[in-house]
Amino acid sequence: NTAVENENTAEEEEHEHAEGEEHAEEGEEMALASELSVYNWADYIDEQILADYEEEFGVTIIYDTYASNEDLLAKLQAGATGYDVIFPSDYMVSQMIELDLLHEIDTGELSNWGNINPNFADAPFDPGNQHCVPYQWGTTGIAYRAGHEFFEENTPDSWGYLFDPELLEQYSDGGINVLNDQRELMAAALAYLGHDMNSTDRTELEEARDLILEAKPYWKTFNSEDYDNSLLVADEVVMSHAWSGDAAFAYWETYDDETEDGNWYYAIPQEGAVKWLDNICITASTERFETALHFMNYL
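Going by my numbering, the residue at position 25 of the sequence shown is 27; the numbering climbs one at a time, nothing skipped.
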């Protein structure tokens, strides 16, 4: 896509300055493209934030979503060059850097860089934040319906609740969802077996594969895109391999003022869980780099 520049008039620049110091610093005397293509996880930016950005800066956001890091990578490797801003997770950032899929950035050009928690800056997968800005972090665990008969007496505090057939037989008829994310599923299986979640040992990976295949008949769905709403909130399943933010969403969507509680709880298995960090990055193929950087700073 060819960038179509939108020259700000003097009056527009004055209006932007009046909107706030931080936006003035980033938007002042900058010609922004008329459109910006954002490729992100589902439900990962408040729609009002996008609307506010469009109204304030006159940039139309073209928004598309993906279900996993692998889907994102496959799309870019297949030659999809229309995307400007993407949100890969930690391990995927390092892969994309090696594949020259990310544009370099200078955090010194971001007036809001000081708002970033230093604990998440300068991560091993992107030393010096030369390509990305930390966006959101969380964990991967197990979400379960608190009102279900089995879970009234049992807390799924082990990955065994996802993989052990003897356990699965007691509640799988209510429906179990697994994230449609190969790395997350392998990590959970490896952790349950007592292996490093990042293991590359062939024997350990085959052991994890066999564990997954044994448990697979007990799983109802593979969904990582809209499962929080379509499966959890809708009570289509009783348990789900889940990201912490989605479990929190399901809890508050089912919250009852009278009982002062929600229907969905979240547990981190005792064997350990993935702690992840998603990032804002700009594609190497973008033709709207300045606008993408401006949007990154806005977020």
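Heads up, the beta-carbon is just placed ideally off N, CA and C, and yes, glycines get one too. As the structure is a prediction and not an experimental result, all values here were calculated from the model.
Our two residues, E57 and E155, have alpha carbons roughly 51 Å apart in a direct line. In this structure, L103 sits near A286, with a CB-CB distance shorter than 7 Å. Linking G116 to T261 through their CA atoms gives a straight-line distance of about 41 Å.
If you keep only unbroken beta strand (DSSP E) runs of at least 3 residues inside the stretch 220 to 287, you get 241 to 245, 266 to 269, 277 to 284. Taken through DSSP and simplified to helix, strand or coil, N71 comes out as helix.
Ranked by Cα distance from M241, the options E216, E206, F251, Y267 are led by Y267. Scanning A35, D54, D259 for the CA closest to the CA of Y300 turns up D54. Around the CB of W254, fewer than 16 other CB atoms lie within 10 Å, so the residue is classed as exposed. Taking a C-beta distance under 7 Å as the contact criterion, W245 and V180 do not qualify as a contact pair.
In its chain, beyond the 5 residues on either side, I64, G84, Y85, D86 have a beta carbon closer than 6 Å to the beta carbon of S39. Residue G162 holds the alpha-carbon nearest to the alpha-carbon of E216 among G162, Y173, Y257. Closest in alpha carbon position to F122, among A80, Y137, Q97, A35, is Y137.
When the alpha-carbon of S160 is set against those of F59, A191, N114, the nearest one is in A191.
Around the beta carbon of S91, a 10 Å sphere encloses 16 or more other beta carbons of the protein chains shown; the residue is thus reported as buried. Across the structure, F251 and D230 are spaced so that their CA atoms are roughly 7 Å apart. Within its own chain, the residues whose Cβ lies closer than 7 Å to the Cβ of G143, once the five positions on either side in sequence are excluded, are A244, S246, Y268, A269, I270, P271, A275, listed in chain order.
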